[in-house]
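Undergrad: First residue of the sequence shown? That's 1 in full-length UniProt numbering, and the numbers climb one at a time after it.
Glycine included, every Cβ here is placed at the ideal spot set by N, Cα and C.
The structure is given below, and queries will be raised subsequently.
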Amino acid sequence: MEKSDNTLSNWDILTPDLTELILSNLPIPSIIRASSVSKSWNSIIHSHSFKTRVSNSRKSPWFFIYGQNKNLPNKNYQVFAFDSDSDSWIKLPDTTTLLPNDSFTASNGFFFRICSGKFNFKPVFSSTWRQTSPLRFSRCNPLIGVYNEPGCLKPAWFIVAGGLENSEACLAVEIYNPDYNSWEISSPLPAIFRPGISSQTLCSAIFNGKFYVHGIYSSFISYFDLKKRVWSNVQTLRPPGVMLSYSISCQDRLILAGLCYVKDELEFNIWKVDERTLEFSEIGIMPPDLLSRLLDGEWDQKFGSVRCVGSGNIVYVFNEERRSNRSACFCEISDSGKCRWKRVPDLPEPVNELDKVMISAFVPLMYPY
């Protein structure tokens, strides 16, 4: 972005507060580009007040794809973000080089790297990784939740569950206290989650002060009360015909999304869940043409690779096995509970050959770190 001297001087006439207000109304991709225009804009965009203003105004979640190629010696990770408002992909700059045993994931505005008990994180728009004090247990592909203590805007607290390499402690839960840079051991996961306890077979969602853990295939569900620090009784959340499903926090709703086989037909359904009774009611079904494209007509072989994430008012569905096509779609849920489905465009070229793919979705908050 280039500016003439006259244009720059006209902008300089504006007060910093007014410049901040104008810049904060730009789409996030434009904000990222604007930070390179001048030192004054860069300073404004990285200020605490600007990040807070932008964070409070953003509602549409982005869809993130993290692709790894273990054979590339440098920059072996690619990160792409899809903005539903502009219907476009953004390739995020990332120089991350992962070691073979590294776990890499994301949740609610943060990237995470875990290896041999070392826990690193960074806000999605930050270029700097931060390392916490070591985890008590070594983990691989754990569930991670991000939340704030009541009445506190920052910094964020993290809850880590599952993914333990030490089978004797596989149910352990750790919570990071940013005020003391320390991890505390909390009430363990219910024992029923012991088999296959990782993000490959479990999903999680934070809703109304509760950290939900849900078996993608087992349909077992329980929640951890973030205030009382205790787990609820385990229940089963399985609509008729469901083969796999994901619990998702969407605005003021707890959502269940999944594949089900009903009357000899495969469907992808979305249900609203009553958090008190766990009763569910259907609010949307994926159109058959999108489902056919997602599975390429071979549902009996590929349904297990379907992944689902969501946040805000959008649920994204992705088939991680169809990497050549990067097949994905999303459902936008209105305030009245109606669903509008749409295909996600293919990833922008160039894309490295990907031998491992992970996805997440969250509102791209400008965290004031």
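How would you call Leu278, buried or exposed, if buried means at least 16 neighbouring beta carbons within 10 angstroms?
TA: Result: exposed.
Undergrad: Under a three-way DSSP split, which group does Trp41 fall into?
TA: Correct three-state label for Trp41: helix.
Undergrad: What whole-angstrom Cβ distance do Phe80 and Ile65 have, given they're in contact under 8 angstroms?
TA: With a Cβ gap of about 5 angstroms, Phe80 and Ile65 count as contacting.
Undergrad: State the beta-bridge partners of Pro27 as determined by DSSP.
TA: Paired residue(s): none; Pro27 is not in a bridge.
Undergrad: Pull up the CB-CB distance for Leu143 and Ser204, whole angstroms please, since I reckon it's below 8 angstroms.
TA: Going by Cβ atoms, the distance from Leu143 to Ser204 rounds to 4 angstroms, so yes, they are a contact pair.
Undergrad: Here's the rule I'm using: 16 or more other beta-carbon atoms within 10 Å means buried, otherwise exposed. How should Arg340 be labelled?
TA: Label assigned to Arg340: exposed.
Undergrad: Does DSSP put Ser292 in a helix, a strand or coil?
TA: Correct three-state label for Ser292: helix.
Undergrad: Starting from Gln68, follow the beta strand (DSSP E) in both directions and report where the run begins and ends.
TA: 62–68 is the extent of the beta strand (DSSP E) around Gln68.
Undergrad: Using a Cβ-Cβ cut-off of 6 angstroms (strictly less than) and excluding sequence neighbours within five positions of Phe119, which residues of its own chain qualify?
TA: Cβ within range, chain order: Thr132, Leu135.
Undergrad: Hey, is the stretch 26–36 in contact with the stretch 314–323, meaning 3+ C-beta pairs nearer than 8 angstroms?
TA: Not touching, per the Cβ criterion.
Undergrad: Alpha carbons only, please: which of Val173, Asn148, Gly337, Trp129 is nearest the one belonging to Asp179?
TA: The shortest C-alpha separation from Asp179 is found at Asn148.
Undergrad: Secondary structure at Asp225, three-state DSSP: helix, strand or coil?
TA: Here Asp225 sits in strand by DSSP.
Undergrad: To the nearest angstrom, report how far apart Thr19 and Gln235 are at their CA atoms.
TA: If you take the alpha carbons of Thr19 and Gln235, they lie about 52 angstroms apart.
Undergrad: My assumption, with CB atoms under 8 angstroms, is that Gly109 sits in contact with Val146. Please give the rounded CB distance.
TA: Indeed they touch by this definition, with Cβ atoms about 7 angstroms apart.
Undergrad: Is DSSP giving Pro123 helix, strand or coil here?
TA: If DSSP states are grouped into helix, strand and coil, Pro123 belongs with the strands.
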